[in-house]
Amino acid sequence: MTGIRLQAPAPGWAIDADVVVVGSGVAGLTAALRCTAAGLRTVVVTKARLDDGSTRWAQGGIAAALGDGDTPAQHMDDTLVAGAGLCDEVAVRTLVTEGPDAVRRLIATGARFDTDPAGTIELTREGGHHRRRIAHAGGDATGAEISRALVDAVRERAVRTIENALVLDLLTDADGRTAGVTLHVMGEGQHDGVGAVHAPAVVLATGGMGQVFSATTNPAVSTGDGVALALRAGAEVSDLEFVQFHPTVLFLGREAEGQQPLVSEAVRGEGAHLVDADGVRFMVGQHELAELAPRDIVAKGIMRRMREQGASHMYLDARHFGARMWESRFPTILAACRAHGFDPVTEPIPVAPAAHYASGGVRTDLRGRTTVPGLYACGEVACTGVHGANRLASNSLLEGLVFAERIADEIAAAAGTSRAGAPAPHPAPRVLPLLDPSARARVQHVMTHGAGVLRSAASLAEAAEQLDAVYAEAAGGPTAAATGTEGTSTTRTEGTDGTSTGADKTAEPGVESWETTNLLCVARVLVAAARRREETRGCHWREDHPDRDDTAWRRHLVVRLAPDRSLDVRTTDTQELPPTTPGARTPGTPGPATPGTTTPTTPDPADKAAARREPQA
Numbered sequence: 332m333t334g335i336r337l338q339a340p341a342p343g344w345a346i347d348a349d350v351v352v353v354g355s356g357v358a359g360l361t362a363a364l365r366c367t368a369a370g371l372r373t374v375v376v377t378k379a380r381l382d383d384g385s386t387r388w389a390q391g392g393i394a395a396a397l398g399d400g401d402t403p404a405q406h407m408d409d410t411l412v413a414g415a416g417l418c419d420e421v422a423v424r425t426l427v428t429e430g431p432d433a434v435r436r437l438i439a440t441g442a443r444f445d446t447d448p449a450g451t452i453e454l455t456r457e458g459g460h461h462r463r464r465i466a467h468a469g470g471d472a473t474g475a476e477i478s479r480a481l482v483d484a485v486r487e488r489a490v491r492t493i494e495n496a497l498v499l500d501l502l503t504d505a506d507g508r509t510a511g512v513t514l515h516v517m518g519e520g521q522h523d524g525v526g527a528v529h530a531p532a533v534v535l536a537t538g539g540m541g542q543v544f545s546a547t548t549n550p551a552v553s554t555g556d557g558v559a560l561a562l563r564a565g566a567e568v569s570d571l572e573f574v575q576f577h578p579t580v581l582f583l584g585r586e587a588e589g590q591q592p593l594v595s596e597a598v599r600g601e602g603a604h605l606v607d608a609d610g611v612r613f614m615v616g617q618h619e620l621a622e623l624a625p626r627d628i629v630a631k632g633i634m635r636r637m638r639e640q641g642a643s644h645m646y647l648d649a650r651h652f653g654a655r656m657w658e659s660r661f662p663t664i665l666a667a668c669r670a671h672g673f674d675p676v677t678e679p680i681p682v683a684p685a686a687h688y689a690s691g692g693v694r695t696d697l698r699g700r701t702t703v704p705g706l707y708a709c710g711e712v713a714c715t716g717v718h719g720a721n722r723l724a725s726n727s728l729l730e731g732l733v734f735a736e737r738i739a740d741e742i743a744a745a746a747g748t749s750r751a752g753a754p755a756p757h758p759a760p761r762v763l764p765l766l767d768p769s770a771r772a773r774v775q776h777v778m779t780h781g782a783g784v785l786r787s788a789a790s791l792a793e794a795a796e797q798l799d800a801v802y803a804e805a806a807g808g809p810t811a812a813a814t815g816t817e818g819t820s821t822t823r824t825e826g827t828d829g830t831s832t833g834a835d836k837t838a839e840p841g842v843e844s845w846e847t848t849n850l851l852c853v854a855r856v857l858v859a860a861a862r863r864r865e866e867t868r869g870c871h872w873r874e875d876h877p878d879r880d881d882t883a884w885r886r887h888l889v890v891r892l893a894p895d896r897s898l899d900v901r902t903t904d905t906q907e908l909p910p911t912t913p914g915a916r917t918p919g920t921p922g923p924a925t926p927g928t929t930t931p932t933t934p935d936p937a938d939k940a941a942a943r944r945e946p947q948a
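Okay, so the sequence shown: first residue is 332 according to this note's numbering, each after it adds one.
Rendered as structure tokens:
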């Protein structure tokens, strides 16, 4: 336990439950439905509306070995290759083996996938896959259909929901076990203001943190709230440096910010080509799969070509599809392109990489258990070990399904055998410095320019220094930050060029301030991990260390927030993630625990000190 909290009013109301699920994407709603079916009193808390998370924006589909001739073993091979040596093989085997039946259960819940005239599910191909194994719905609206089916099921089964609510912090009992969450309802719903849900099990399914960068495919709600909450609660996070930048995002100009339109990998799966301004297919010869190489390779290929030619973007050419195919197979993308003045039927689409997916997150075992008893995580907020250094296309929805079901089964099996006590106030709670919302753009600017697709020791050091400055200003200066005596915080507003305007603002507790504070927290962890990993692997690209180094770096970085609010960054002994419970073996792992991995973390061999303390987060 850290005793660290967001600066917020005390809860003014509370409700009781057996389990509270935070998030309403595929992972959260799957967990909620399965917990409800097991007879557990389940409450779903979601930041916006039930159908307003990242899942509904997923275009391509869901990967599973459903086609003739395909097998889980082949799916596993493709996943391991994409993960660049850092996947947990047991976790991957679990995913691909249990995945097909999980998809069938999703269909039984009401999801309607595209089928051929005989009623067989149509499958397409995406980057990194050697077979057509991506099931899709509505052409390119798979996420929207999955969200619709799950939301309908939640409403049909009368699962209790609290919409428009930002979860603030984890509640724990006197023994440090999970006892619920505090949350703030944003003026709508059954309750208003800050309240609490008391429950012995909390499932984090809050999605990603793409909004930490200026341009992302993620919706506005993806501000890293789950990872930040887990860190404040004392949970460990892992692999946060591996942020996947989707190679083909509609380019809307150098100054474009916020959520950007995605051009699904499935467009390339159906035969679209990446070309430069001269029409040259530059990915041919760079990888055996050319445009269908894993995403990190395609993103790097685009960035290299952009640098070579001094260009701000490349192009995706699918004119040969014709109007009929565009309208039937990719209606959502077609509409988005035309809304921004581009017609892919008659011209190539301008594209460039943008922040898309966090391969790392809150560290879990195969049952979704974190290092905090009673706290679970699944979906993009979690690090199950499935994705390694780079997620294979369309494995995200499948991961949400499979591990959400496992979490629900674990919670149901434990119900009645171990109950948390009443929430206990920490004897000396410490708050993180609260940022004014105006600092959000500053954090995003720093991250985009210092920790984006291309990174180096210099760029990351500059990013760390600037993030430290944001923290210090919010804390009221270095002295307050060091002693933890900060009161009302102030944030220096900056112009769009990153320079200070000289105007200090007082930050008041509220949704935008809490979100910005969460963004700074996860940004500092990401930069600390990216500085430590001195190699290029998967979607972590260090220009100053361009090669993969398996001898020193085929291992994971594990980070936790210490009670003094410094970051404790360590590495594992091997490429295996250690158990979330010290001395325990991860369920499903064959044989005894690997020697040296029964403690949470071990010192970084690249650091001569036993452990390295990063600046306060």
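All C-beta atoms in this analysis are idealised placements derived from N, C-alpha and C, irrespective of residue type, glycine included.
The model shown is predicted, which means the values in this text are computed figures rather than measured ones.
field: Three-state secondary structure assigned by DSSP to residue 642
entry: In this structure, residue 642 counts as coil in the three-state DSSP scheme.
- prompt: When we look at the beta-carbon of residue 796 and count the other beta-carbons within 10 Å, is it buried (16 or more) or exposed?
  reply: With fewer than 16 other Cβ atoms from the protein chains shown falling within 10 Å of its own Cβ, residue 796 counts as exposed.
- request: On the DSSP bridge assignment, give the partners of residue 775 in chain order.
  value: DSSP lists no partner for residue 775.
field: Length of the line joining the Cα atoms of residue 792 and residue 780
entry: Between residue 792 and residue 780, the C-alpha separation is close to 12 Å.
- request: Would you kindly report the start and end of the unbroken alpha helix (DSSP H) that includes residue 669?
  value: Counting along the chain, the alpha helix (DSSP H) containing residue 669 begins and ends at 662-670.
query: Whose C-beta lies closer than 8 Å to the C-beta of residue 443 among residues of the same chain, with five residues either side of it excluded?
result: Within its own chain, the residues whose Cβ lies closer than 8 Å to the Cβ of residue 443, once the five positions on either side in sequence are excluded, are 468, 476 and 480, listed in chain order.
query: Counting pairs of Cβ atoms below 8 Å between the region 348-359 and the region 526-536, do you hit three or more?
result: Taking a contact to require three or more Cβ pairs closer than 8 Å, the region 348-359 and the region 526-536 qualify as touching.
- prompt: Pick from 719, 848, 445 and 586: whose alpha carbon is nearest that of residue 413?
  reply: Measuring C-alpha to C-alpha distances from residue 413 to each of 719, 848, 445 and 586 identifies 719 as the nearest.
CB-CB length for residue 752 against residue 506, believed under 8 Å: Taking C-beta atoms under 8 Å as the contact rule, residue 752 and residue 506 qualify, at a distance of about 7 Å.
- prompt: Thinking C-beta only, is residue 717 closer than 8 Å to residue 419?
  reply: For residue 419 and residue 717, yes; Cβs fall inside 8 Å.
query: Out of curiosity, what's the CA-to-CA distance linking residue 638 and residue 334?
result: Residue 638 and residue 334 have their C-alpha atoms roughly 46 Å apart.
message: Give me the DSSP bridge partner(s) of residue 681.
response: Per DSSP, 646.
message: Quick check on the burial criterion: 16 or more other C-beta atoms within 10 angstroms. Buried or exposed for residue 643?
response: The residue is exposed, with fewer than 16 neighbouring Cβ atoms inside 10 Å.
query: Which whole-angstrom value describes the C-beta separation of residue 387 and residue 511, a residue pair presumed to lie in contact below a C-beta threshold of 8 Å?
result: With 8 Å as the limit, residue 387 and residue 511 do not qualify as a contact, their Cβ atoms being about 28 Å apart.
message: Between the alpha carbons of residue 699 and residue 342, how many angstroms are there, rounded?
response: Rounded to the nearest angstrom, the gap between the Cα atoms of residue 699 and residue 342 is 28 Å.
- prompt: Does the region 848-868 come within contact of the region 552-564, defined as at least 3 CB pairs closer than 8 Å?
  reply: Yes, they touch.
message: Given this structure, state the Cα-to-Cα distance separating residue 790 from residue 546, to the nearest angstrom.
response: Computed Cα separation, rounded: 18 Å.
message: Give me the DSSP bridge partner(s) of residue 446.
response: DSSP lists 452 as partners of residue 446.
- request: May I ask you to list the residues that DSSP assigns as paired with residue 393?
  value: Beta-bridge pairing links residue 393 to 466.
field: Cβ-based burial, residue 684 [other Cβ within 10 Å; buried from 16]
entry: Residue 684 should be labelled buried.
task: Going by DSSP, name the residue or residues bridged to residue 618.
output: 615, per the DSSP bridge assignment.
Backbone secondary structure at residue 347 - three-state DSSP: Here residue 347 carries a strand assignment [DSSP, helix/strand/coil].
message: Below 7 Å, is the gap between the Cβ of residue 556 and the nearest heavy atom of the ligand ADP?
response: Judged by which ligands are present, the structure shown has none, so any question about the ligand ADP falls away.
- prompt: In whole angstroms, what separates the C-alpha of residue 838 from that of residue 844?
  reply: Each residue's Cα considered, the two are about 7 Å apart.
query: Does DSSP classify residue 473 as helix, strand or coil?
result: Three-state result, residue 473: helix.
Close Cβ partners of residue 470 (< 8 Å) along its chain, the five nearest in sequence each way excluded: Cβ within range, chain order: 445, 659, 660, 661, 662 and 663.
message: Quick check on the DSSP output: the alpha helix (DSSP H) that includes residue 734 runs from which residue to which?
response: Run containing residue 734: 726-745, per the alpha helix (DSSP H) assignment.
field: Reduced DSSP secondary structure (H/G/I, E/B, other) of residue 768
entry: DSSP places residue 768 outside both helix and strand once states are collapsed to three, so it counts as coil.
- prompt: Which stretch, first to last residue, makes up the alpha helix (DSSP H) that contains residue 401?
  reply: Per DSSP, residue 401 lies in no alpha helix (DSSP H) and is assigned neither H nor E.
Contact with chain D by residue 554, beta-carbon distance below 8 Å: Among the chains of the structure shown, chain D does not appear; only one protein chain is present.
message: Using only CA atoms, which one of 732, 755, 714 and 707 lies nearest to residue 741?
response: With distances taken between Cα atoms, residue 741 lies closest to 707.
message: Considering only DSSP beta bridges, list what residue 955 is partnered with.
response: Since the first residue of the chain shown is 332 and the last is 948, residue 955 is not available in this structure.
- prompt: Taking DSSP as the reference, what is the three-state secondary structure of residue 579?
  reply: DSSP places residue 579 in the strand class (E or B) of the three-state scheme.
- request: Enumerate in chain order the residues of its own chain whose CB-to-CB distance from residue 346 is below 6 Å, with the five nearest sequence positions on each side excluded.
  value: For residue 346, where only same-chain residues beyond five positions count, the Cβ hits under 6 Å are 528.
message: Since residue 373 and residue 352 should fall inside the 8 Å C-beta cutoff, what is the C-beta to C-beta distance between them, to a whole number of angstroms?
response: Residue 373 to residue 352, Cβ: 7 Å. Contact.
field: Assigned secondary structure, residue 897 (DSSP; H/G/I helix, E/B strand, else coil)
entry: The three-state secondary structure of residue 897, taken from DSSP, is strand.
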